[in-house]
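Residue numbers (this note's numbering): 83 to 153.
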């Protein structure tokens, strides 16, 4: 998970739209899996940063949907 998210981060810095979608889907799936799993302290410690990453990805959505994206 961390390696794939790091690769997406590399391409997010280059304003690649596919990397934004991949990061949103990967983070969203991991949040859903954490919610539907048995919640423990480790799950809560993972859940909070994952939600922060998800919210940050959604907050920069406009810059990735603009016409300034490198193909």
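By construction, the Cβ of each residue, glycine as well, lies at the ideal position given by its N, Cα and C atoms.
Problem set entry | Contacting residues, own chain, Cβ-Cβ under 7 angstroms from residue 119 (five flanking each side not counted) | Counting from one through the chain shown, the residue named residue 119 turns up at place 37. So the list reads 125, once near-sequence residues are dropped.
Problem set entry | Nearest-angstrom beta carbon gap, residue 105 and residue 94 [assumed within contact, 8 angstroms] | Counting from 1 along the chain shown, the entry for residue 94 is found at position 12. Counting from 1 along the chain shown, the entry for residue 105 is found at position 23. At roughly 6 angstroms, the Cβ-Cβ gap stays under 8 angstroms, so residue 94 and residue 105 are in contact.
For this session: Tell me whether residue 121 sits in a helix, a strand or coil according to DSSP, three-state version.
Result: Within the chain shown, numbered from 1, the residue matching residue 121 stands at position 39. Of the three classes helix, strand and coil, the one that applies to residue 121 here is coil, per DSSP.
Problem set entry | Residue nearest to residue 142 in terms of C-alpha spacing, selected from 89, 101, 86, 88 | Within the chain shown, numbered from 1, the residue matching residue 142 stands at position 60. Nearest of 89, 101, 86, 88 to residue 142, Cα basis: 101.
Problem set entry | For residue 86 and residue 144, the rounded distance between their alpha carbons | As a working mapping, residue 144 is identified with position 62 in the chain shown. As a working mapping, residue 86 is identified with position 4 in the chain shown. Whole-angstrom Cα-Cα distance: 23 angstroms.
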